[in-house]
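Taking numbering that gives the first Met the number 0, I'd label the letters of the sequence shown as residues 0 to 297.
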Amino acid sequence: MTALSADQRRTDRPDASARPTRRRPLRPRRIALWATLILLTCVFALPLLYMLGTAFKTPAESVSPDFRLWPREPTLGAFEHILSDASIPVLRWVGNSLMVALAHSALTVVLAVLASYALARMEFRGRTLIMGVVLATMFVPAVVMLIPHFLIVNSLGWLNTYAALIIPGAAGAFGVFFLRQFFAAIPRELEEAAIVDGCNRWTTFHRVMLPLARPAVATLVVLSFLSSWNDYLWPVFVLFSSEMQTLPSGLRLLQAENGTRYDVMMAGAVIASVPVLALYAIAQRWIIEGVSTSGIKG
Numbered sequence: 000m001t002a003l004s005a006d007q008r009r010t011d012r013p014d015a016s017a018r019p020t021r022r023r024p025l026r027p028r029r030i031a032l033w034a035t036l037i038l039l040t041c042v043f044a045l046p047l048l049y050m051l052g053t054a055f056k057t058p059a060e061s062v063s064p065d066f067r068l069w070p071r072e073p074t075l076g077a078f079e080h081i082l083s084d085a086s087i088p089v090l091r092w093v094g095n096s097l098m099v100a101l102a103h104s105a106l107t108v109v110l111a112v113l114a115s116y117a118l119a120r121m122e123f124r125g126r127t128l129i130m131g132v133v134l135a136t137m138f139v140p141a142v143v144m145l146i147p148h149f150l151i152v153n154s155l156g157w158l159n160t161y162a163a164l165i166i167p168g169a170a171g172a173f174g175v176f177f178l179r180q181f182f183a184a185i186p187r188e189l190e191e192a193a194i195v196d197g198c199n200r201w202t203t204f205h206r207v208m209l210p211l212a213r214p215a216v217a218t219l220v221v222l223s224f225l226s227s228w229n230d231y232l233w234p235v236f237v238l239f240s241s242e243m244q245t246l247p248s249g250l251r252l253l254q255a256e257n258g259t260r261y262d263v264m265m266a267g268a269v270i271a272s273v274p275v276l277a278l279y280a281i282a283q284r285w286i287i288e289g290v291s292t293s294g295i296k297g
């Protein structure tokens, strides 16, 4: 009887698709918002489109004073030049960048997870002071630390090695602060329930707290990977041989090798952008989820 009543109520319910759709009126404020968004989209997309168009131009058209976003006769000559020239090991640079970015992001996340959990959930003397020092380092410009980092790396004998790119900067303040906000927002009752069930501190951490922080950890992995992939200044300081270069630092050699071949330089920039865009397309859901969740609970 109860089921029949429920079915009857379900059939009597009006179909949502049959409801008349009400369009929101276009008010001046809404029009201004859309116009601003379209303008900002054009501003940010124009350099990307110019890079893509120039990469497919001929050498003569790439230096022509007539501005054209897309080439008259698209060609793959710049890409063929990069991939066939033995003096430009672009594929090796891509491999170097991929290896360094993966190792750097993995080390950054491991250190940030352990430090942020201790600062957020464990009681010990000096915790507030340590967190204040971590936050204070975020206000120091990175360029100020270039010379001290270079002297330390030189004293360790790490110049022109991958260790100089992976280890310095792995214990970043941003990752600790980002994950600490997420761990602090998790209800303490979940942790106490796990302890009552017989879990020790380490089991509670990796079986209860770490799975709950998965969106924030995934976000930090992506941000750390992008930061290491796009790093240009530090590799220029510590890498000297062409074979050891990462892709962003190696692209500067294209200018030295090819003079004003802007089509070749833009082709190298397109190759450097493809992995980053692919990673963002795959992980954009985790980035949005992690950032929005941390922002609400932080």
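In this text, a Cβ means the ideal position worked out from N, Cα and C, and glycines have one as well.
Note that the coordinates shown come from a computational prediction; the quantities given were computed from them, not determined experimentally.
Own chain partners of residue i with C-beta closer than 6 Å, once the 5 adjacent residues on each side are dropped
i      : result
Phe372 : Nothing about residue 372 can be read from this structure; the chain reaches only from 0 to 297.
Val133 : Ala172 and Val175
DSSP state of residue i mapped onto helix, strand, coil
i      : result
Trp157 : coil
Met243 : coil
Ile87  : coil
Lys296 : Low confidence applies to Lys296: its pLDDT is 47, below 50, so where it sits in the model is not reliable, and the reading given next is rough at best. Reduced to three states, the DSSP call for Lys296 is helix.
Met208 : helix
Gly238 : The question names Gly, but residue 238 is Leu in the sequence shown. Here Leu238 sits in coil by DSSP.
Pro186 : coil
Ala277 : helix
Asn199 : coil
Phe181 : helix
Glu60  : helix
Phe123 : coil
Pro70  : coil
Leu75  : coil
Phe173 : helix
Ala282 : helix
Gly94  : helix
Arg28  : helix
Phe149 : helix
Ile166 : coil
Met264 : helix
Sequence-distant residues of the same chain with beta carbon closer than 7 Å to residue i, five excluded per side
i      : result
Leu189 : Val207
Met50  : Met265, Ala268 and Val269
Ala280 : none
Ser96  : Trp228, Thr245 and Leu246
Glu60  : Pro70 and Arg71
Arg126 : Leu118
Val152 : Leu158, Ala163, Pro167 and Val237
Arg260 : Pro58
Ile194 : Thr203
Beta-carbon contacts of residue i that lie in its chain and below 8 Å, excluding the five residues immediately before and after
i      : result
Leu36  : none
Asn159 : Val237, Leu238, Phe239, Ser240 and Met243
Gly76  : Thr57, Pro58 and Asp262
Leu145 : Leu232, Trp233 and Phe236
Per-residue burial, residue i [other beta carbons within 10 Å of its own, 16 or more giving buried]
i      : result
Ile30  : exposed
Met243 : buried
Val62  : exposed
Trp33  : exposed
Ser115 : buried
Ala5   : Residue placement at Ala5 is poorly supported in this model, since its pLDDT is 46, which falls under 50; the coordinates still yield a value, given next. Exposed.
Ala85  : exposed
Trp201 : exposed
Thr218 : buried
Thr40  : exposed
Val142 : exposed
Of the residues the options, the one placed nearest residue i, counting alpha carbons only
i      : options                           : result
Leu90  : Tyr279, Trp285 and Pro274         : Pro274
Pro147 : Leu47, Val93, Glu191 and Gly168   : Gly168
Ser226 : Gly76, Pro247 and Phe78           : Pro247
Leu110 : Leu128, Val220, Ala193 and Thr40  : Val220
His80  : Ala282, Asp262 and Val108         : Asp262
Glu191 : Ser86, Thr203 and Ala183          : Thr203
Ile287 : Arg260, Ala277, Leu222 and Asn199 : Leu222
Ala102 : Ser83, Leu145 and Ala170          : Ala170
Ala271 : Phe78, Trp201 and Asn153          : Phe78
Val112 : Ala135, Val93 and Pro210          : Pro210
Ala212 : Ile151, Phe138, Ala183 and Ser154 : Ala183
Pro298 : Arg67, Arg26, Arg28 and Met144    : Look at the range of the chain in this structure, 0 to 297, and you will see that residue 298 is not part of it.
**Study point:** Stretch-stretch touch, CB-based, cutoff 8 Å, three pairs: the region 231-242 with the region 148-164
**Key:** yes
Practice item. Would you check if the region 70-82 and the region 51-58 touch, i.e. whether three or more CB-CB distances between them fall below 8 Å? Key: yes
Practice item. Check whether the region 112-129 touches the region 238-253, taking contact to mean three or more Cβ pairs, one atom from each stretch, closer than 8 Å. Key: no
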